[in-house]
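Undergrad:
4 protein chains.
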Amino acid sequence: MTEKTNFCVIGGDARGIFMAESLIKDGHNVKIYGYSQKKTGAKITPKKDIDLALDNSDFIILPVPVTRDGKTLNAPLFDSKIDLDDEFRKKLETKNIFCGGSGTLHNIGEKWKNLCLMDYSSREDFAILNAVPTAEGAIQIAMQECEGTIDSGNFLVVGFGRIGKILSKKLKNLGGKVSVSARSALDFAWIQTLGYEPLETNNLPEFLDYDVIFNTVPHRIFDRYNLLKCCEGVKIIDLASSPGGVDSDTADFLDIKVISATGLPGKFSPKTAGEIIKKTIYKMIKEEGLWKKSK
Amino acid sequence: MTEKTNFCVIGGDARGIFMAESLIKDGHNVKIYGYSQKKTGAKITPKKDIDLALDNSDFIILPVPVTRDGKTLNAPLFDSKIDLDDEFRKKLETKNIFCGGSGTLHNIGEKWKNLCLMDYSSREDFAILNAVPTAEGAIQIAMQECEGTIDSGNFLVVGFGRIGKILSKKLKNLGGKVSVSARSALDFAWIQTLGYEPLETNNLPEFLDYDVIFNTVPHRIFDRYNLLKCCEGVKIIDLASSPGGVDSDTADFLDIKVISATGLPGKFSPKTAGEIIKKTIYKMIKEEGLWKKSK
Amino acid sequence: MTEKTNFCVIGGDARGIFMAESLIKDGHNVKIYGYSQKKTGAKITPKKDIDLALDNSDFIILPVPVTRDGKTLNAPLFDSKIDLDDEFRKKLETKNIFCGGSGTLHNIGEKWKNLCLMDYSSREDFAILNAVPTAEGAIQIAMQECEGTIDSGNFLVVGFGRIGKILSKKLKNLGGKVSVSARSALDFAWIQTLGYEPLETNNLPEFLDYDVIFNTVPHRIFDRYNLLKCCEGVKIIDLASSPGGVDSDTADFLDIKVISATGLPGKFSPKTAGEIIKKTIYKMIKEEGLWKKSK
Amino acid sequence: MTEKTNFCVIGGDARGIFMAESLIKDGHNVKIYGYSQKKTGAKITPKKDIDLALDNSDFIILPVPVTRDGKTLNAPLFDSKIDLDDEFRKKLETKNIFCGGSGTLHNIGEKWKNLCLMDYSSREDFAILNAVPTAEGAIQIAMQECEGTIDSGNFLVVGFGRIGKILSKKLKNLGGKVSVSARSALDFAWIQTLGYEPLETNNLPEFLDYDVIFNTVPHRIFDRYNLLKCCEGVKIIDLASSPGGVDSDTADFLDIKVISATGLPGKFSPKTAGEIIKKTIYKMIKEEGLWKKSK
Chain A
71 MTEKTNFCVI GGDARGIFMA ESLIKDGHNV KIYGYSQKKT GAKITPKKDI
121 DLALDNSDFI ILPVPVTRDG KTLNAPLFDS KIDLDDEFRK KLETKNIFCG
171 GSGTLHNIGE KWKNLCLMDY SSREDFAILN AVPTAEGAIQ IAMQECEGTI
221 DSGNFLVVGF GRIGKILSKK LKNLGGKVSV SARSALDFAW IQTLGYEPLE
271 TNNLPEFLDY DVIFNTVPHR IFDRYNLLKC CEGVKIIDLA SSPGGVDSDT
321 ADFLDIKVIS ATGLPGKFSP KTAGEIIKKT IYKMIKEEGL WKKSK
Chain Y
71 MTEKTNFCVI GGDARGIFMA ESLIKDGHNV KIYGYSQKKT GAKITPKKDI
121 DLALDNSDFI ILPVPVTRDG KTLNAPLFDS KIDLDDEFRK KLETKNIFCG
171 GSGTLHNIGE KWKNLCLMDY SSREDFAILN AVPTAEGAIQ IAMQECEGTI
221 DSGNFLVVGF GRIGKILSKK LKNLGGKVSV SARSALDFAW IQTLGYEPLE
271 TNNLPEFLDY DVIFNTVPHR IFDRYNLLKC CEGVKIIDLA SSPGGVDSDT
321 ADFLDIKVIS ATGLPGKFSP KTAGEIIKKT IYKMIKEEGL WKKSK
Chain P
71 MTEKTNFCVI GGDARGIFMA ESLIKDGHNV KIYGYSQKKT GAKITPKKDI
121 DLALDNSDFI ILPVPVTRDG KTLNAPLFDS KIDLDDEFRK KLETKNIFCG
171 GSGTLHNIGE KWKNLCLMDY SSREDFAILN AVPTAEGAIQ IAMQECEGTI
221 DSGNFLVVGF GRIGKILSKK LKNLGGKVSV SARSALDFAW IQTLGYEPLE
271 TNNLPEFLDY DVIFNTVPHR IFDRYNLLKC CEGVKIIDLA SSPGGVDSDT
321 ADFLDIKVIS ATGLPGKFSP KTAGEIIKKT IYKMIKEEGL WKKSK
Chain F
71 MTEKTNFCVI GGDARGIFMA ESLIKDGHNV KIYGYSQKKT GAKITPKKDI
121 DLALDNSDFI ILPVPVTRDG KTLNAPLFDS KIDLDDEFRK KLETKNIFCG
171 GSGTLHNIGE KWKNLCLMDY SSREDFAILN AVPTAEGAIQ IAMQECEGTI
221 DSGNFLVVGF GRIGKILSKK LKNLGGKVSV SARSALDFAW IQTLGYEPLE
271 TNNLPEFLDY DVIFNTVPHR IFDRYNLLKC CEGVKIIDLA SSPGGVDSDT
321 ADFLDIKVIS ATGLPGKFSP KTAGEIIKKT IYKMIKEEGL WKKSK
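Protein chains in written order, with the numbering used here: chain A, 71 to 365; chain Y, 71 to 365; chain P, 71 to 365; chain F, 71 to 365.
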């Protein structure tokens with residue numbers, strides 16, 4: 071399926087290690103840099119020198135996001151720092167580079183835009199595959215937070231996008247009672263067809279009497295108006311990326327517990343998340359016809 | 071369905087509080103004793119005096135187990151102690167008492183056998199209902215322990231009793247690949263019929279290459295012989311009651327992680343577990359025709 | 071939810087009768103015309119005169135399609151005929167009319183375009199809701215055609231649109247092994263995520279060894295090239311609307327059984343299909359703000 | 071798994087043919103007798119002479135039941151008859167014979183009891199495996215009989231034995247609303263745990279407002295008393311073996327449609343049913359240690 075290739079993984083969290091190990095299992099040569107042996111516990115030994123790691127690589131894989139501070143590479147398992155300076159940039163210049171959140175690199179300066187960056191994190195198929203570990207992570211949090219079972223619980227999923235679809239299915243499969251809110255007539259038809267109680271996101275009922283409300287919509291759905299509808303004891307797990315969908319000051323004031331839960335695949339299921347990055351990169355290599363070039 | 075009745079809940083953990091609150095919701099009068107307000111955070115105020123609590127009660131509900139030390143009532147949320155002495159016993163003498171693990175009370179002395187103890191924990195329907203929070207708890211532990219998702223995982227459930235049946239169903243419903251081992255031809259037929267891979271508990275395969283093995287059988291299944299079959303990285307969640315089904319010394323030696331997980335309903339889902347005790351007591355009252363007597 | 075309203079149902083098959091009965095259950099006044107009592111077996115008595123039926127109606131409901139021959143109303147349960155002539159058209163002129171396949175009426179002549187026709191069958195939410203009875207009908211046909219169970223069967227669903235999504239879910243829920251073919255990377259990601267084997271519609275494998283292939287794509291997918299890939303005994307259920315997705319001459323020549331299956335909701339589940347028309351019309355009335363006007 | 075063996079299949083319906091073909095696929099030698107080529111349409115050619123068929127056989131497989139009239143072998147696909155006379159009996163005398171419903175053979179006379187008959191149909195694992203095609207057949211009948219979908223239907227399954235368990239699961243998986251009635255507290259606990267509405271078979275509600283009632287209990291559950299509870303339009307599919315669980319005279323009088331549905335695996339899914347017989351015989355051979363003897 072895939073041809074034996076030389077990969078170099080630089081930086082990232084546990085996902086990078088699991089991805090590297092999975093690439094090796096598939097028969098590829100893999101070198102890693104930007105990890106400290108003792109922090110990863112992995113069998114694969116990080117290279118001590120970046121040039122050794124890059125040498126002879128067909129593809130370089132950078133983490134998602136590439137950088138958090140705009141100055142150094144995102145490498146939380148590394149004892150040292152990797153500066154995103156000209157020296158580093160030049161090393162990458164002629165390489166095929168896969169990365170996530172490429173915009174964070176572009177923001178550093180014009181010259182970085184000349185790199186051959188292929189962004190796996192901006193692809194929708196990547197997002198779909200990640201909806202599974204996200205939904206599972208959300209359920210794990212719900213299990214930890216609730217004093218009852220999912221099986222006997224009553225849940226509201228706000229939004230019927232990728233995560234809403236997978237999450238509502240898994241909650242129902244675990245025996246929970248599931249309402250799903252959306253905005254479009256099409257979504258209502260699907261929600262009804264799949265056996266959930268359909269609600270309108272823009273017109274939520276007066277009494278939100280749920281064990282957990284999962285918000286997946288990246289807008290301020292839970293403003294004062296909707297928070298006041300929440301019955302006592304309701305918990306909100308906010309899966310929307312920052313700044314999230316909940317007015318947390320008002321929630322605090324009303325004593326509604328809000329759990330902000332982002333980046334769940336990397337935090338809760340780094341092995342699966344690493345596999346997803348790998349599979350997405352394989353698809354991109356195939357689409358671009360790079361397997362052959364790389365030989 | 072149920073007639074307004076006076077209940078008195080004495081001792082127990084969070085399950086007792088949730089049960090008391092649920093009894094009140096159903097319209098009953100409930101008094102509790104053996105809890106300290108600040109430890110429970112419940113709205114219901116514990117009585118300061120046991121006689122006040124018992125006064126006029128139709129039914130008394132004691133926890134499961136009634137006692138852990140054979141001397142005092144099992145009341146972990148109480149600042150003080152309730153001695154299981156003659157004085158206490160006499161207070162209970164003419165009462166209808168529901169309790170769990172009545173044997174622990176019988177062991178104290180002959181006189182305790184004269185009490186009208188109705189044991190909810192020894193009923194099989196109670197055990198069936200508890201298999202759901204047990205299975206969910208096991209899945210929550212698996213989610214915490216695994217670096218991949220349940221959806222992408224490969225699991226072995228050893229034993230196809232109550233917990234094995236519910237657990238394997240939930241794992242499969244979450245997308246996992248599930249093998250189930252059992253001993254009888256009937257169980258093999260059911261396992262196959264329900265879509266799991268059937269294995270023989272007495273003759274497990276040479277290579278147990280699973281993300282998690284859930285043991286539900288209260289015998290030493292995982293002795294040295296079977297532990298040696300476990301592939302690297304396998305985790306065992308042992309749901310069998312003490313002493314469990316795993317030779318933990320050998321497991322330690324082989325660096326196999328074993329998580330002993332008992333009493334999950336009370337620990338992970340006290341609200342659901344409290345509801346289950348309540349429902350079981352309702353059924354017992356109905357079966358014994360006690361609703362009428364109690365009026 | 072809905073306000074008491076006067077409906078008039080003219081023509082159509084059993085769906086019209088079930089819809090009329092359902093409207094009555096919801097508290098509306100309903101008159102029907104274009105049915106013969108003995109053919110319908112319904113409790114509701116058809117009006118003998120169209121003017122009696124139309125009199126005082128707020129909404130008129132015509133069938134889907136309105137006409138099959140371009141000359142008379144589609145009314146298979148009527149002993150007589152209803153000509154789509156000027157006289158009939160004038161009766162409808164000031165009315166709010168719901169119908170399916172309005173194009174068949176527009177084709178008759180310019181004047182028909184002036185009617186206030188609201189087409190329920192062209193709405194996507196209508197199509198989504200109808201995917202359920204379509205998928206069930208397809209499974210019923212598969213059960214009739216196959217000498218094995220769905221539970222033990224191996225199925226290919228070609229296309230991952232509305233019907234493909236529901237059908238593959240139901241087949242899997244019945245225990246079948248399901249492959250789904252699609253064209254886009256997004257669909258592959260969803261297919262994989264939902265636990266089916268993903269295939270490329272444009273590049274089907276060399277050996278199509280399935281019990282049943284369900285085609286949902288309205289293009290000639292099964293031309294000579296793909297039909298030659300079908301293993302012995304494969305049956306194709308073609309759910310694509312006419313002319314369908316199978317080269318039936320070649321299939322005949324190769325002795326591959328093809329079952330052309332269209333219009334399944336009306337044929338197999340007229341009661342559910344009638345409910346779906348009713349619900350869609352309710353939504354349209356609400357969207358258009360016609361409940362108020364009609365009072 | 072299984073060792074190459076000589077099988078002889080004598081008599082039976084389509085299940086015998088599918089079983090013979092499946093045995094051949096597994097690598098065994100198979101001869102068949104008691105079929106007419108043109109009636110079976112099978113590729114395997116029946117022997118013209120029973121002695122040729124029996125010659126050198128390790129195992130003989132007779133149908134279920136072996137005989138319907140007590141005089142001739144059950145061989146509906148045979149143009150001729152096979153008398154169960156002394157001559158035939160002697161041919162079987164030293165053979166290992168698998169059959170179904172061995173009692174029908176024992177009833178012929180004492181001498182038949184000396185044969186080495188191994189009855190696959192009396193095994194409970196056989197019955198469990200057959201519950202799947204039975205449940206699917208019941209659903210197929212319900213689909214044919216109902217004018218709505220299973221997805222939108224409301225069903226009562228009477229009895230929670232093998233068939234009740236599988237049938238209620240499949241109905242729910244197809245989206246239907248399912249109530250299950252049983253008699254024991256344990257069954258109620260399981261029914262509740264699995265997410266169905268639990269009812270008491272001995273105390274069914276006053277209004278049985280279901281689309282279909284599936285009876286699996288071989289007692290006269292639907293006597294006048296319970297039939298009078300059935301709301302208009304209810305259909306009863308009676309899966310209990312003769313004489314079934316419905317007072318059909320009263321049902322006729324009350325205009326309640328009753329579909330008597332027995333022997334569904336053989337009628338609706340002969341291929342799967344043949345596989346189940348084969349698998350059961352394999353298990354019996356293994357349990358009896360006959361693979362080795364047969365060499």
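Just so you know, even glycine gets a beta-carbon here, dropped at the ideal spot from N, CA and C.
1. For a test of the three-state rule: what should DSSP assign to ASP119/F, helix, strand or coil?
2. If I measure Cβ to Cβ from GLY359/P and keep anything under 8 Å in the same chain, skipping five residues before and after, which residues do I get?
3. Where are the beta strand (DSSP E) runs, 3 residues long or more, that stay fully inside the stretch 188-267 of chain P, in chain order?
4. Under three-state DSSP, which class holds LEU269/P?
5. Around the C-beta of LYS363/A, are 16 or more other C-beta atoms found within 10 angstroms, so that it is buried, or is it exposed?
6. Under 8 Å Cβ-Cβ, which residues of chain F neighbour GLY260/Y?
7. Over what stretch of residues does the beta strand (DSSP E) that includes LYS305/P continue unbroken?
8. Whole angstroms is fine: what's the gap from ALA84/F's alpha carbon to ASN224/P's?
9. Looking at chain Y, which residues of the stretch 317-343 of chain A have a Cβ within less than 8 Å of any of its Cβ atoms?
10. Using a Cβ-Cβ cut-off of less than 8 Å, list which residues of the stretch 212-223 of chain Y approach chain A; keep chain order.
11. Restricting to runs no shorter than 4 residues, where is the alpha helix (DSSP H) found entirely within the stretch 93-158 of chain P?
12. So if DSSP puts CYS186/F in a beta bridge, which residue, or which two residues, is it bridged to?
13. Going by DSSP, name the residue or residues bridged to LYS160/F.
14. Helix, strand or coil for ILE178/Y, going by three-state DSSP, please let me know.
15. Measure the CB-CB distance between LEU309/Y and THR204/Y and report whether it falls below 9 Å.
16. Would VAL136/A pass as an interface residue toward chain Y - the criterion being a Cβ-Cβ separation below 9 Å?
17. Can you tell which of GLY82/A, GLY86/A and LYS95/A has the C-alpha that lies nearest to the C-alpha of LYS74/A?
18. Between which residues of its own chain and SER172/P is the CB-CB distance below 6 Å, once the five residues before and five after are set aside?
19. I'd like to know whether the C-beta of GLY229/A is nearer than 9 Å to at least one C-beta of chain F.
20. Between the Cα of THR115/F and the Cα atoms of GLY245/F, GLU91/F and ILE130/F, which residue gives the shortest distance?
21. What does SER339/F pair with, by DSSP beta-bridge criteria?
22. If you check the beta carbons only, do LEU297/F and ILE326/F fall under 9 Å apart?
23. Taking the straight line between their C-alpha atoms, what separation do you get for VAL100/F and LEU274/P?
24. Could you give the C-beta distance for MET213/Y and GLU206/A, rounded to a whole number, given that I count them as a contact under 8 Å?
25. Which two residues bound the contiguous beta strand (DSSP E) that contains SER318/A?
26. For LEU199/Y, tell me which candidate among LEU124/A, LEU185/A, ASP221/A and ASP195/A has the shortest Cα-Cα distance.
27. Hey, how far is the Cα of SER311/Y from the Cα of ILE346/Y?
28. To the nearest angstrom, how far is it from the Cα of ASP121/F to the Cα of LYS341/F?
29. Counting contacts by CB-CB distance shorter than 9 Å, is GLY245/P in contact with chain Y?
30. Determine the chain Y residues that contact ALA310/F at a beta-carbon separation under 8 Å, and present them in chain order.
31. Would you list the one or two residues that DSSP bridges to LEU334/P?
32. With 9 Å set as the bound, which would you pick, yes or no: does the beta-carbon of LYS353/Y sit closer than that to a beta-carbon of chain F?
33. For PHE258/Y, count the other beta carbons within 10 Å of its own beta carbon; 16 or more makes it buried, fewer makes it exposed. Which is it?
34. For the pair the stretch 120-140 of chain F and the stretch 76-83 of chain F, tell me if three or more CB-CB distances fall below 8 Å.
35. Just checking my contact of GLU276/P with SER251/P at CB under 8 Å: how many whole Å lie between their CB atoms?
TA: Here's the rundown:
1. Note: ASP119/F maps to coil in three-state DSSP.
2. none
3. 224-228 and 247-252
4. The answer is strand: DSSP assigns LEU269/P an E or B state.
5. The predicted position of LYS363/A is uncertain, since its pLDDT is 48 and thus under 50; no value can be drawn from it.
6. Contrary to the premise, residue 260/Y reads as Trp rather than Gly in this sequence. Ordered by position in chain F, the residues that pass the 8 Å Cβ test against TRP260/Y are ILE198.
7. 305-308
8. Those two C-alpha atoms are separated by around 21 Å.
9. PHE338, SER339, PRO340, LYS341 and THR342
10. MET213, GLN214, CYS216, GLU217, GLY218, THR219, ILE220, ASP221 and SER222
11. 107-110 and 120-124
12. ASN166/F
13. Partner(s): none; LYS160/F has no beta bridge.
14. coil
15. yes
16. no
17. LYS95/A
18. LEU187 and ASP189
19. no
20. Comparing Cα-Cα distances from THR115/F to each of GLY245/F, GLU91/F and ILE130/F, the minimum goes to GLU91/F.
21. According to DSSP, which records beta bridges pairwise, SER339/F is partnered with nothing at all.
22. yes
23. 36 Å
24. 7 Å
25. Boundaries for SER318/A: no beta strand (DSSP E) harbours it, while the alpha helix (DSSP H) harbouring it runs 318-323, taken from the DSSP string.
26. ASP221/A
27. C-alpha separation (whole angstroms): 20 Å.
28. Answer to the nearest angstrom: the Cα atoms are 27 Å apart.
29. GLY245/P counts as touching chain Y.
30. Simply none; closest approach about 20 Å.
31. Partner(s): none; LEU334/P has no beta bridge.
32. Interface residue, yes.
33. When all chains shown are included, PHE258/Y counts as buried.
34. yes
35. SER251/P and GLU276/P do not touch by the CB rule: their CB atoms are close to 14 Å apart, not below 8 Å.
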